């Protein structure tokens with residue numbers, strides 16, 4: 002019996018999941034599935050219930066701002082309170098604000114309350130998710146950080162938007178749109194409780210900063226780290242670039258494929274699903290590979306240079322082979338993989354700043370949130386400078402990704418940081 006338990010435990014660790022955090026990974030997956038249920042239909046639901054496009058744009062803009070702020074807050078809060086408490090706050094906020102969103106906002110179709118509760122709910126999921134990322138960084142041996150980060154982003158993006166949207170696809174015809182929103186609440190609560198009640202790893206329950214560090218110093222430190230340790234600023238820029246093209250392409254590519262190339266809407270949605278599937282799988286693989294061949298190498302070569310190559314291909318191959326779905330799907334899959342190759346940044350940053358892991362990760366969170374508006378802003382800037390030609394947008398993004406390859410190669414772990422990591426792991430063992 003003991004042998005079978007040992008084998009099971011060793012398998013979990015062999016695939017890169019710290020065994021003490023196993024149920025937290027499972028719980029986060031369910032939490033993010035629940036959070037992603039609305040991703041595929043909230044905008045159309047709002048339009049179909051009489052709200053103008055301008056209101057929908059305002060709603061998602063306000064939500065994006067609070068998501069970005071909360072992604073940053075998660076770092077210093079985890080330092081001060083312990084990551085597990087921050088995750089509890091995120092779960093409770095999500096549940097309470099979702100109830101308000103549904104009862105006072107969506108059901109009576111009240112615009113003021115819809116905007117209020119949805120905007121405030123943007124603070125919730127980043128506290129849960131990025132609090133967990135800090136917990137992973139604090140409790141995982143450095144030799145497993147890349148794989149653990151890969152599993153984090155796997156569980157994150159598998160839920161939001163992939164499995165969440167698929168859940169909505171089947172639930173809406175069966176129980177209706179409002180009831181599907183209520184199901185999302187149930188999934189979030191179940192996932193959150195599973196993660197928090199079944200995970201007993203002690204590091205996440207403790208304050209990560211010394212007792213003499215004040216909250217003011219912790220929050221200022223999570224910003225001042227970008228000039229005290231400039232590598233965090235570079236990493237934040239690289240992380241912003243990572244998914245910036247994704248958010249830009251979600252806005253401009255549907256029209257390109259459907260209106261210009263003649264693909265059906267169904268074909269475009271299938272293509273988008275393949276891109277996200279590739280992204281999810283490589284999220285996991287890139288972290289594992291980075292543990293073996295190096296974090297910077299994976300991000301710079303497969304992410305930066307990969308993006309420089311695959312972004313133009315994603316545009317030109319469908320033009321060169323009109324109507325060929327297989328060709329478009331092949332380059333779409335490669336594009337999705339290149340975006341996922343930036344995942345090892347989440348394993349690299351805690352090693353560059355091992356004394357301030359949460360602060361360093363908060364800059365990555367800030368970059369992730371910023372990418373939601375930086376991508377569309379680059380599109381607008383290109384149109385302002387070059388006009389409406391889409392090729393200019395494509396090559397602008399390609400060059401930016403190539404620049405990130407060079408920036409990534411500057412993200413070296415100092416000898417002092419390596420010594421500190423070694424000392425900490427020797428003490429833990």
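Residue numbers (the numbering used here): 2 to 430. The beta carbon of each residue, even a glycine, is placed where N, CA and C say it ideally should be. From a predicted model like this one, the values you see are computed outputs, not experimental measurements.
Does residue i come out as helix, strand or coil in the three-state DSSP assignment?
i, result
"residue 292", "helix"
"residue 185", "helix"
"residue 413", "coil"
"residue 168", "helix"
"residue 355", "coil"
"residue 280", "helix"
"residue 213", "coil"
"residue 202", "coil"
"residue 262", "coil"
"residue 388", "coil"
"residue 97", "helix"
"residue 127", "helix"
"residue 208", "coil"
"residue 222", "helix"
"residue 110", "coil"
"residue 393", "helix"
"residue 13", "helix"
"residue 177", "coil"
"residue 7", "Residue placement at residue 7 is flagged as unreliable, the pLDDT there being 45, under the threshold of 50; a coordinate-derived value is accordingly withheld."
"residue 400", "helix"
"residue 344", "coil"
Among the options, which has the Cα closest to the Cα of residue i?
i, options, result
"residue 408", "300, 89, 321", "300"
"residue 178", "147, 61, 346, 42", "42"
"residue 208", "164, 218, 80", "80"
"residue 25", "324, 335, 369, 88", "88"
"residue 19", "93, 39, 148, 75", "148"
"residue 103", "144, 288, 46", "46"
"residue 190", "140, 97, 257", "97"
"residue 302", "228, 316, 199, 287", "287"
"residue 48", "398, 110, 78", "110"
"residue 281", "160, 312, 371, 353", "160"
"residue 326", "378, 374, 266", "266"
"residue 238", "276, 363, 35, 124", "363"
"residue 36", "95, 112, 315", "95"
"residue 304", "69, 420, 366, 402", "402"
"residue 235", "361, 78, 72, 67", "361"
"residue 17", "365, 290, 106", "290"
"residue 34", "416, 193, 140", "193"
"residue 92", "126, 101, 64, 82", "126"
"residue 76", "101, 105, 136, 273", "136"
"residue 14", "145, 73, 85", "145"
Between which two residues does the alpha helix (DSSP H) harbouring residue i extend?
i, result
"residue 20", "No alpha helix (DSSP H) contains residue 20, which DSSP labels as neither H nor E."
"residue 80", "54-82"
"residue 233", "231-256"
"residue 144", "Residue 144 -> no alpha helix (DSSP H), and no H or E assigned at all."
"residue 46", "43-49"
"residue 301", "Taken as a continuous stretch (DSSP letters only), residue 301 belongs to no alpha helix (DSSP H), as it is neither H nor E."
"residue 341", "326-341"
"residue 163", "Note, residue 163: premise wrong, no alpha helix (DSSP H); not H, not E."
"residue 315", "307-321"
How would you label residue i, buried or exposed, when you count the other beta carbons within 10 angstroms and need 16 or more for buried?
i, result
"residue 216", "exposed"
"residue 29", "buried"
"residue 240", "buried"
"residue 292", "buried"
"residue 297", "buried"
"residue 50", "exposed"
"residue 333", "buried"
"residue 122", "buried"
"residue 200", "buried"
"residue 8", "With a pLDDT of 45 at residue 8, under the threshold of 50, the modelled position of this residue cannot be trusted; read the value that follows with caution. Label assigned to residue 8: exposed."
"residue 171", "exposed"
"residue 352", "buried"
"residue 263", "exposed"
Using a Cβ-Cβ distance cut-off of 8 Å, determine whether residue i contacts chain B.
i, result
"residue 41", "Included in the structure is just one protein chain, with no chain B present."
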